[in-house]
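Colleague: Please see the structure below; I have some questions.
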Amino acid sequence: MSFLIGPMQKHLNGHKELTAHNEILELPVQEKVYIPLAMGNAKIDVLVKENDHVKVGTQVAARNDHFYVPIFASVSGKVLGIEKRMGSNLRPCDHLVIENDGKMEKEEGLSTLSLDADGESIIAFMKEKGLVGCGGAGFPTYVKYQTDKCETLIINAVECEPYITADAQTIEHHLDDFRRGVIAMFKASKAKKCLVGIKETKKELIPKLVELFKDQNTIEVTPVKDVYPMGWERTLLYELVHKRYDKLPIEVGCIVSNATTAIRLGIAMETGMPIVDKIVTVSGDAIKDPHNVHCPVGTPFSVLIESCGGYTKDVIELVAGGPMMGGSVTKDEVCVGLATNAITVLEHKDIQSIGCLRCGQCVDHCPSGLQPVNITNAFKANDIDRLEKLRPMDCIECGMCTYICPSKIEVTENVRKAKRMMALRTKK
Ligand code: SF4
Ligand code: SF4
326 MSFLIGPMQK HLNGHKELTA HNEILELPVQ EKVYIPLAMG NAKIDVLVKE NDHVKVGTQV
386 AARNDHFYVP IFASVSGKVL GIEKRMGSNL RPCDHLVIEN DGKMEKEEGL STLSLDADGE
446 SIIAFMKEKG LVGCGGAGFP TYVKYQTDKC ETLIINAVEC EPYITADAQT IEHHLDDFRR
506 GVIAMFKASK AKKCLVGIKE TKKELIPKLV ELFKDQNTIE VTPVKDVYPM GWERTLLYEL
566 VHKRYDKLPI EVGCIVSNAT TAIRLGIAME TGMPIVDKIV TVSGDAIKDP HNVHCPVGTP
626 FSVLIESCGG YTKDVIELVA GGPMMGGSVT KDEVCVGLAT NAITVLEHKD IQSIGCLRCG
686 QCVDHCPSGL QPVNITNAFK ANDIDRLEKL RPMDCIECGM CTYICPSKIE VTENVRKAKR
746 MMALRTKK
């Protein structure tokens, strides 16, 4: 079960001002895109071959295991083949290389959907368009909606990670799509009410959203505190409906979808276009000119970084995502995928840790109610029995324990290693 038992949250310096009010940069046409053909360990069927001509929105591949997720071309041009490149999970994985002809010709006859469609048709449409969670998880959206048990739909517009403003800017630029997507998700969920969670500090956006849904008396815009990790679905759900769950929100009658995912549904319904482009926050203290950048899926990080003026430090840390929950990547050849929402570039600092002070701060602030310090100790002692009791697998890798630790210990990394140790043991 979940042990979410206290506030376990903290206001962080968001550094959002670096990008929040800048215009969204449009990338000049790139010669090639590299569409990631990886979704965890799932099997991907490639549906095109070398020299095939594709258009924006042509289906090029599909995940085809227990979930079905089609993958689409993000530019028009010629398929050059498949290339192994570093993925955001730090493992080499296949990418479909498309030579961009610069015409951005769109696939003809893409199906659209009216808001009059029934719930089942909306769910089928989510599946057909390959809609996945855009909040970083990349989970197929239609799967969540295949239920009759949803009482409350929660739309997560919180975006609590420092630096990231992609969701907020995407909403600002796609208010009509957001409205369409939220209403469609609400219908598909068969819920009785819908809560749109947004940070109370978004003073300009909140009235726009209230206006947007003013004729929908079962959709409510609900401001929440500006604390981390309010955007984590467990924390947000507890804040909004005061319930705790073990594995999935549906156990307590809820579905949680990210705001940008709703927008992508709204766009697909209107234009037929699946997720072929992204707005990505490129920010941090070691990037020259932070911005949100609009780019085709499959654009290398290096191109986005260059469009923002490049690195300002010789030694940097590159993170796919935000600085708290994102994953460090060692190469900027990694490409924008369906769930990429941010690239964070930070100055590398040689931080000397000192011994644990037994201050308990990591325990007080863990949103999963864990004891990171004790997990660290059990991991170092190779004490599997103790680790089992300490539940490291419930860690969401939010980074809070490292952030808060006065001794500068990489507590999150230790918990991550403990998780790996437990996972290996389970496999045996
Ligand atoms: S990284 Fe894991 S252990 Fe550390 S505070 Fe977050 S959830 Fe807790
Ligand atoms: S926050 Fe750091 S110093 Fe304090 S108990 Fe946790 S690991 Fe030890």
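Mapping of the sequence shown onto my numbering: residues 326 to 753, in sequence order.
Quick reminder that beta carbons are idealized off the backbone N, C-alpha and C, glycines included.
It should be emphasised that the depicted structure is a prediction, and the values quoted were computed from it without experimental measurement.
Among the residues of its own chain, which have a CB less than 6 angstroms from the CB of residue 332, if the five just before and after it don't count?
Modeller: The residue labelled residue 332 in the question sits at position 7 within the sequence shown. In this prediction, residue 332 scores a pLDDT of 48, lower than 50, which makes its location untrustworthy; the coordinate-derived value is nonetheless stated afterwards. Excluding positions up to five away in sequence, the list is empty.
Colleague: Let me check understanding here. Comparing Cα to Cα, which of 566, 416, 690, 389 lies closest to residue 477?
Modeller: Along the sequence shown, one-based indexing puts residue 477 at 152. Nearest C-alpha to residue 477: 566.
Colleague: Hey, which unbroken runs of the alpha helix (DSSP H) at 4 residues or more fall wholly within the region 634-662?
Modeller: Entirely contained in the region 634-662, not one alpha helix (DSSP H) run reaches 4 residues.
Colleague: Is the beta carbon of residue 686 within less than 7 angstroms of some heavy atom of ligand 2?
Modeller: Within the sequence shown, residue 686 is the residue found at index 361, counting from 1. Yes, since a heavy atom of ligand 2 falls inside the 7 angstroms radius drawn around the Cβ of residue 686.
Colleague: Using 8 angstroms as the threshold, is the C-beta distance between residue 628 and residue 603 below it?
Modeller: Here residue 628 corresponds to residue number 303 of the sequence shown, with the count starting at 1. Here residue 603 corresponds to residue number 278 of the sequence shown, with the count starting at 1. Contact flag unset, no.
Colleague: Residue 336 and residue 608: beta carbons closer than 8 angstroms?
Modeller: Here residue 336 corresponds to residue number 11 of the sequence shown, with the count starting at 1. Here residue 608 corresponds to residue number 283 of the sequence shown, with the count starting at 1. In this structure, residue 608 does not lie closer than 8 angstroms to residue 336 by Cβ.
Colleague: Going along the chain, which residues of its own chain have a beta-carbon closer than 7 angstroms to the beta-carbon of residue 429, five neighbours each way excluded?
Modeller: The count along the sequence shown starts at 1 and reaches residue 429 at position 104. Answer for residue 429: 381, 400, 401, listed in chain order.
Colleague: Does the Cβ of residue 378 lie closer than 7 angstroms to at least one heavy atom of ligand 1?
Modeller: Residue mapping note: residue 378 aligns to position 53 of the sequence shown, counting from 1. No - ligand 1 has no heavy atom lying nearer than 7 angstroms to the Cβ of residue 378.
Colleague: Tell me, please, whether the region 704-713 touches the region 548-556 by the rule of three or more beta-carbon pairs shorter than 8 angstroms.
Modeller: No contact exists between the region 704-713 and the region 548-556.
Colleague: Give me the DSSP bridge partner(s) of residue 520.
Modeller: Looking up residue 520 in the sequence shown gives position 195. Beta-bridge pairing links residue 520 to 479, 545.
Colleague: Give me the Cα-Cα distance between residue 464 and residue 557, rounded to the nearest whole angstrom.
Modeller: Along the sequence shown, read from residue 1 onward, the residue named residue 464 stands at position 139. Along the sequence shown, read from residue 1 onward, the residue named residue 557 stands at position 232. Answer to the nearest angstrom: the Cα atoms are 15 angstroms apart.
Colleague: Just tell me which of 389, 597, 487 has its CA closest to the CA of residue 447.
Modeller: Indexing the sequence shown from 1 puts residue 447 at position 122. Nearest of 389, 597, 487 to residue 447, Cα basis: 597.
Colleague: Tell me the DSSP secondary structure of residue 332 in three-state form.
Modeller: Stepping through the sequence shown from its first residue, residue 332 is reached at position 7. The pLDDT assigned to residue 332 is 48, lower than 50, so where the model puts this residue is not dependable; a value taken from the coordinates is nonetheless given after this. Residue 332: coil per DSSP, three-state reduction.
Colleague: Applying the 10 Å Cβ sphere with the 16-neighbour rule, what's the burial state of residue 480?
Modeller: Numbered from its first residue, the sequence shown carries residue 480 at position 155. With 16 or more Cβ atoms within 10 Å of its Cβ, residue 480 is classed as buried.
Colleague: Can you find a heavy atom of ligand 1 that lies under 7 angstroms from the Cβ of residue 737?
Modeller: Here residue 737 is taken as the residue at index 412 of the sequence shown, counted from 1. Residue 737: yes, Cβ under 7 angstroms from ligand 1.
Colleague: In its own chain, which residues sit with a C-beta less than 7 angstroms from the C-beta of residue 572, not counting the 5 before and 5 after it?
Modeller: One-based indexing of the sequence shown puts residue 572 at position 247. So no residue of the chain qualifies.
Colleague: Restricting to Cα atoms, I'd like to know which of 664, 616, 408, 587 is closest to residue 374.
Modeller: Looking up residue 374 in the sequence shown gives position 49. Measuring from the Cα of residue 374, the nearest candidate turns out to be 408.
Colleague: Bridge partners for residue 625 per DSSP, in chain order?
Modeller: Here residue 625 refers to the residue found at position 300 when the sequence shown is read from its first residue. 660, per the DSSP bridge assignment.
Colleague: Would you list the residues sitting across from residue 690 in a DSSP beta bridge?
Modeller: In the sequence shown, counting from the first residue as 1, residue 690 sits at position 365. Its beta-bridge partners do not exist; DSSP assigns none.
Colleague: For residue 358, which option in 427, 730, 434 has the closest C-alpha, if you only look at C-alpha atoms?
Modeller: For the purposes of this step, residue 358 is taken as the residue at position 33 of the sequence shown. Residue 427 is the option with its Cα nearest to residue 358.
Colleague: Using a Cβ-Cβ cutoff of less than 7 angstroms, which residues in the same chain neighbour residue 632 once the five nearest sequence positions on both sides are dropped?
Modeller: Within the sequence shown, residue 632 is the residue found at index 307, counting from 1. The residues are 350, 352, 618.
Colleague: Could you give the DSSP three-state label for residue 746: helix, strand or coil?
Modeller: Here residue 746 is taken as the residue at index 421 of the sequence shown, counted from 1. Helix, per DSSP.
Colleague: Can you give the Cα-Cα distance for residue 538 and residue 504, rounded to whole angstroms?
Modeller: Indexing the sequence shown from 1 puts residue 538 at position 213. Indexing the sequence shown from 1 puts residue 504 at position 179. So the alpha carbons of these two residues sit roughly 7 angstroms apart.
Colleague: List the whole-angstrom C-beta distance separating residue 606 from residue 489, where the pair is believed to meet the contact cut-off of C-beta under 8 angstroms.
Modeller: The residue you call residue 606 lines up with position 281 of the sequence shown. The residue you call residue 489 lines up with position 164 of the sequence shown. Right, their Cβ atoms sit about 5 angstroms apart.
Colleague: Can you tell me whether residue 536 is buried or exposed, with buried defined as 16 or more other CB within 10 angstroms of its CB?
Modeller: The residue labelled residue 536 in the question sits at position 211 within the sequence shown. Its Cβ having fewer than 16 others within 10 Å, residue 536 is exposed.
Colleague: Closest to residue 526 by CA distance: which of 543, 514, 484 is it?
Modeller: Counting from 1 along the sequence shown, the entry for residue 526 is found at position 201. Taking only the C-alpha atoms, the option nearest residue 526 is 484.
Colleague: Helix, strand or coil, according to DSSP, for residue 504 in the structure here?
Modeller: Numbered from its first residue, the sequence shown carries residue 504 at position 179. Reduced to three states, the DSSP call for residue 504 is helix.
Colleague: Quick check on this structure: which residue in 467, 377, 388 has the alpha carbon closest to the alpha carbon of residue 424?
Modeller: By one-based count along the sequence shown, residue 424 stands at place 99. The shortest C-alpha separation from residue 424 is found at 377.
Colleague: Cβ of residue 692 versus every heavy atom of ligand 3: is any distance shorter than 7 angstroms?
Modeller: Questions concerning ligand 3 fall outside what the structure shown contains, since the ligands it does hold are ligand 1 and ligand 2.
Colleague: Would the region 492-509 count as touching the region 579-594 if we require 3 or more Cβ pairs under 8 angstroms?
Modeller: Yes, since at least three Cβ pairs between the region 492-509 and the region 579-594 fall closer than 8 angstroms, the two stretches touch.
Colleague: From this set, 475, 542, 406, 690, which residue's C-alpha is nearest residue 576's C-alpha?
Modeller: Counted from its first residue, the sequence shown places residue 576 at position 251. For the residues 475, 542, 406, 690, the minimum Cα distance to residue 576 belongs to 475.
Colleague: Using the Cα positions of residue 636 and residue 613, report the straight-line distance between them to the nearest angstrom.
Modeller: The residue given as residue 636 occupies position 311 in the sequence shown. The residue given as residue 613 occupies position 288 in the sequence shown. Their backbone Cα atoms lie some 6 angstroms apart in a straight line.
Colleague: What residue from 403, 523, 507 has the CA that sits closest to residue 493's CA?
Modeller: As a first step, residue 493 is located in the sequence shown; it is residue number 168 there, counting from the start. The shortest Cα separation from residue 493 among 403, 523, 507 belongs to 523.
Colleague: Pick out the complete alpha helix (DSSP H) segments inside the region 566-632, 4 residues or longer, and give them in chain order.
Modeller: Qualifying alpha helix (DSSP H) stretches, in chain order: 584-596, 626-632.
Colleague: Taking 7 angstroms as the limit between beta carbons, can you name the residues of its chain near residue 681, skipping five residues before and five after?
Modeller: Start at 1 with the first residue of the sequence shown, and residue 681 comes out as number 356. Hits under 7 angstroms: 698, 732, 734.
Colleague: Quick one: grab the DSSP three-state call for residue 552.
Modeller: Your numbering for residue 552 matches position 227 in the sequence shown. Here residue 552 sits in coil by DSSP.
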